[in-house]
Amino acid sequence: MTTQRPIRTRFAPSPTGFLHVGGLRTALYAYLLAKKEGGTFVLRIEDTDQSRSVDGAVENLLETLAVTGIEPDEGPRLADVDHDMDELHVEEVGEHGPYIQSNRLDVYKHYALQLVEQGDAYPCFCTPERLEQMRTEQQKAKQPPKYDRHCLSLSEEEVVRRIEAEESHVLRLRMPADQTITWEDAVRGTVSFESNLIDDQVLLKSDGFPTYHLAVVVDDHLMEITHVIRGEEWLSSTPKHLALYNAFGWEPPIHVHVPLLLNPDKSKLSKRQGDVSVEDFLDDGYLVPALVNFIALLGWNPKSEQELFSITELVEAFSLEDLNKSGAIFDRDKLNWMNGEYIKQHDTMDLLMHAHPFYDEKGLLEEAAKRVGASNKMDQIVMEEIAKSLSIEQTRLEKLSQVGEETDYLFVNALNYPAEDLIWKKSTQEDTVLYLNALQDLLSERPEDTWVTDALEKDVISWIAENNWKNGDVLWPLRVALTGKPKSPGPFESLWALGKERSLERISRAIELLAA
RNA sequence: GGCCCUAUCGUCUAGUGGUUAGGACGCGAGGUUCUCAUCCUCGAAACCGGGGUUCGAUUCCCCGUAGGGCCGCCA
Numbered sequence: 042m043t044t045q046r047p048i049r050t051r052f053a054p055s056p057t058g059f060l061h062v063g064g065l066r067t068a069l070y071a072y073l074l075a076k077k078e079g080g081t082f083v084l085r086i087e088d089t090d091q092s093r094s095v096d097g098a099v100e101n102l103l104e105t106l107a108v109t110g111i112e113p114d115e116g117p118r119l120a121d122v123d124h125d126m127d128e129l130h131v132e133e134v135g136e137h138g139p140y141i142q143s144n145r146l147d148v149y150k151h152y153a154l155q156l157v158e159q160g161d162a163y164p165c166f167c168t169p170e171r172l173e174q175m176r177t178e179q180q181k182a183k184q185p186p187k188y189d190r191h192c193l194s195l196s197e198e199e200v201v202r203r204i205e206a207e208e209s210h211v212l213r214l215r216m217p218a219d220q221t222i223t224w225e226d227a228v229r230g231t232v233s234f235e236s237n238l239i240d241d242q243v244l245l246k247s248d249g250f251p252t253y254h255l256a257v258v259v260d261d262h263l264m265e266i267t268h269v270i271r272g273e274e275w276l277s278s279t280p281k282h283l284a285l286y287n288a289f290g291w292e293p294p295i296h297v298h299v300p301l302l303l304n305p306d307k308s309k310l311s312k313r314q315g316d317v318s319v320e321d322f323l324d325d326g327y328l329v330p331a332l333v334n335f336i337a338l339l340g341w342n343p344k345s346e347q348e349l350f351s352i353t354e355l356v357e358a359f360s361l362e363d364l365n366k367s368g369a370i371f372d373r374d375k376l377n378w379m380n381g382e383y384i385k386q387h388d389t390m391d392l393l394m395h396a397h398p399f400y401d402e403k404g405l406l407e408e409a410a411k412r413v414g415a416s417n418k419m420d421q422i423v424m425e426e427i428a429k430s431l432s433i434e435q436t437r438l439e440k441l442s443q444v445g446e447e448t449d450y451l452f453v454n455a456l457n458y459p460a461e462d463l464i465w466k467k468s469t470q471e472d473t474v475l476y477l478n479a480l481q482d483l484l485s486e487r488p489e490d491t492w493v494t495d496a497l498e499k500d501v502i503s504w505i506a507e508n509n510w511k512n513g514d515v516l517w518p519l520r521v522a523l524t525g526k527p528k529s530p531g532p533f534e535s536l537w538a539l540g541k542e543r544s545l546e547r548i549s550r551a552i553e554l555l556a557a
């Protein structure tokens with residue numbers, strides 16, 4: 042066994058412009074392991090593909106990571122240096138930088154050349170066209186697709202001449218022959234590949250940028266990463282990486298290949314079949330802790346029956362041994378349930394902060410402002426109106442994007458519904474008018490400041506009993522009068538949210554409707 | 001096609017050489033209730049197949065089968 046090093050994990054996304062939920066889960070596991078073991082969680086940006094670089098992607102990624110709370114101890118970080126410009130700047134913290142690969146080009150070049158000197162890598166001048174043709178032929182002949190080492194047999198003079206002529210070329214790894222490359226994967230156990238079947242991977246591209254394979258090995262080593270936690274799709278690249286560690290004489294990290302997140306059809310989770318970016322989920326009204334909790338349980342299980350975990354509890358419970366091997370379908374139904382649980386458990390006022398943008402988006406702030414005569418939609422009084430709505434619908438929401446759907450009757454002035462909806466089951470029109478009139482009398486005498494739901498409910502219920510009426514006969518019409526809907530939140534919370542004046546108006550209107 | 005990985009309810013999963021194979025989501029039924037939602041109770045629902053090993057395999061081994069991943073100067 043090697044000496045125990047302090048645990049260092051990393052999340053190394055390529056900046057595509059958004060954070061994939063699968064990426065978030067990988068990041069989460071790396072974060073959890075580091076935190077659990079008192080180690081360091083590193084963020085590294087893998088932007089070695091010039092053609093795929095996206096403007097502002099790094100900033101965007103850092104922002105998203107920041108809202109999820111999975112923040113790196115080392116790596117790029119958002120710095121708000123220029124307050125006037127309100128622009129995002131990226132700074133770096135840590136002793137192992139730079140953490141953005143495009144700023145480390147000379148490092149990769151240095152190590153690539155070292156391999157050439159050692160004879161573990163060689164220049165290749167083959168054109169993309171030739172390579173493509175070669176692959177097609179191999180495919181046709183049912184051969185494993187693999188570089189034919191055409192350029193390995195070039196004479197030293199020719200290589201020197203072509204390089205001096207600045208001919209476009211790459212550097213390829215010279216894969217060792219007749220070896221079985223084996224490693225102990227933390228989730229999969231012993232995994233092995235035959236080196237003869239593995240391609241001579243390009244390490245340095247003709248534009249001077251490294252490929253993922255070179256960069257990841259060099260950086261993980263230089264950054265002293267102890268655990269490489271990544272998706273299963275990297276499993277078959279690992280022998281190439283191991284060959285590199287071996288060529289450099291470096292000790293490889295522990296590899297942890299976590300199972301894939303799957304579409305309902307069991308293919309790799311993709312944009313094609315719904316939302317995959319963390320931003321999408323947040324915009325759809327999922328709460329960060331719910332999303333984090335949900336993805337944590339996709340591929341990891343604490344061996345207990347607990348399902349709801351705060352991030353702190355996840356850190357406490359996390360263990361590499363409890364990772365699963367098989368892919369997990371991303372089940373929206375269960376996510377919705379879990380999100381609903383988080384919404385229910387949230388303090389209403391605190392939840393309001395998260396829900397506020399969704400009310401705003403639907404124009405409900407403006408409507409409320411207009412109705413209460415507030416000068417603008419950010420007034421305290423508007424917030425109070427929204428808070429009423431939220432507290433009524435809180436147990437009915439699965440996603441914050443649904444706000445206002447169950448409580449739309451609070452935001453309109455005139456209700457539109459058929460008069461017969463007011464009459465409960467076997468009750469009659471005459472009786473219903475009687476009940477509504479009685480309710481109107483009762484409620485109009487009651488001071489508004491005693492319209493606290495519980496107290497009001499108790500009083501009305503006992504008043505109904507005193508009159509020898511039935512709850513359904515009286516409460517159904519009251520509820521429909523207030524909400525205009527056969528299915529809706531209850532009458533007492535509606536009375537409370539609407540307030541005395543609007544409630545009485547609606548009751549009068551119901552009576553008129555029945556009389557007509 | 002080659003290589004590799006995986007396999008318990010529809011889904012996420014627990015579990016063991018002998019269990020009534022457990023939980024959760026979803027689904028169904030009932031209860032609470034003025035409706036809906038919440039909440040509570042109950043229910044249906046799984047060890048991929050075939051060979052071994054064994055007194056006994058869902059569990060261990062092998063072979064199938066199925067699903068998935070990778071096979072780029074993408075990551």
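Throughout, my numbering is defined as the position within the first sequence, counted from one, plus 41.
Yeah, the Cβ is synthetic: ideal placement off N, Cα and C, and Gly gets one too.
Beta-carbon contacts of Glu78 that lie in its chain and below 6 Å, excluding the five residues immediately before and after: Ile48
Closer than 8 Å is the cut-off here; do at least three beta carbon pairs connect the segment 485 to 501 with the segment 517 to 537? yes
Please work out which residues of its chain come closer than 8 Å, Cβ to Cβ, to Thr43, disregarding the five sequence neighbours upstream and downstream, and give them in chain order. With a pLDDT of 49 at Thr43, under the threshold of 50, the predicted position of this residue should be treated as unreliable, and no value is reported.
State the Cα-Cα distance for the pair Glu408 and Met424, rounded to the nearest angstrom. 12 Å
Excluding five sequence neighbours on each side, which residues of the same chain lie with their C-beta closer than 6 Å to the C-beta of His254? Gln242, Lys281
Taking DSSP as the reference, what is the three-state secondary structure of Pro5? The chain is shown from 42 up to 557; residue 5 falls before or after that span and cannot be answered.
In whole angstroms, what is the alpha-carbon distance linking Lys403 and Val329? 21 Å
I need the DSSP call for Ala369, collapsed to helix, strand or coil. strand
If you follow the beta strand (DSSP E) that Glu225 is in, where does it begin and where does it stop? 221 to 226
Taking DSSP's pairing of strands, which residues face Thr81 in a bridge? Arg49
Look up Thr231 in the DSSP assignment and say whether it is helix, strand or coil. strand
Count the other CB atoms, across all protein chains shown, that sit within 10 Å of the CB of Met394; report buried if there are 16 or more and exposed otherwise. exposed
Since Leu245 is in the beta strand (DSSP E), which residue starts that stretch and which ends it? 243 to 245
Who are the near neighbours of Asp240 in its chain, counting only those whose CB is closer than 6 Å to its CB and skipping five residues on each side? Lys187, Tyr188
Nearest candidate by alpha-carbon position, reference Val460, set Asn454, Val474, Leu451, Gln347: At residue 460 the sequence reads Ala, which differs from the Val that was named. Considering only alpha carbons, the answer is Val474.
How many Å lie between Val258 and Gly63 at the Cα? 22 Å
Between the Cα of Gly546 and the Cα atoms of Leu405, Val493, Leu484, Trp492, which residue gives the shortest distance? The question names Gly, but residue 546 is Glu in the sequence shown. Among Leu405, Val493, Leu484, Trp492, the Cα nearest to that of Glu546 belongs to Leu484.
Put Pro251 into one of helix, strand or coil per three-state DSSP. strand
Span separating the alpha-carbon of Leu263 from that of His137: 7 Å
Our contact map puts Asn342 next to Pro300 with C-beta atoms below 8 Å; I'd like the distance itself, whole angstroms only. That pair is no contact at about 12 Å.
Tell me, please, whether the segment 54 to 71 touches the segment 312 to 319 by the rule of three or more beta-carbon pairs shorter than 8 Å. yes
When the Cα atoms are used, what is the spatial distance from Leu555 to Gln314? 50 Å
For a minimum of 4 consecutive residues, which ranges assigned as the alpha helix (DSSP H) are wholly contained in the segment 101 to 184? 146 to 159, 169 to 181
When you compare only the Cα positions, how much space is there between Ser236 and Lys246? 22 Å
Following the continuous alpha helix (DSSP H) through Leu497, name the residue where it begins and the one where it ends. 494 to 507
Since Val329 sits in a beta bridge, which residues does DSSP pair it with? Val329 is not bridged to any residue.
With distances taken between CB atoms, is the gap from Trp224 to Leu283 smaller than 8 Å? yes
So, does the segment 369 to 381 touch the segment 337 to 356, judging by three or more C-beta pairs under 8 Å? yes
If you draw a straight line from the alpha carbon of Asp578 to that of Leu103, how long is it in whole angstroms? With the chain covering only 42 through 557, there is no way to say anything about residue 578.
Out of curiosity, what's the CA-to-CA distance linking Cys192 and Pro164? 7 Å
Please go through the same chain and pick out, in chain order, the residues whose beta-carbon is closer than 7 Å to the beta-carbon of Glu87, but skip the five residues on each side of it. Ala53, Pro54, Ser55, Gln142, Tyr253, Ala256
Going by DSSP, what residues sit across from His210 in a beta bridge? Partner(s): none; His210 has no beta bridge.
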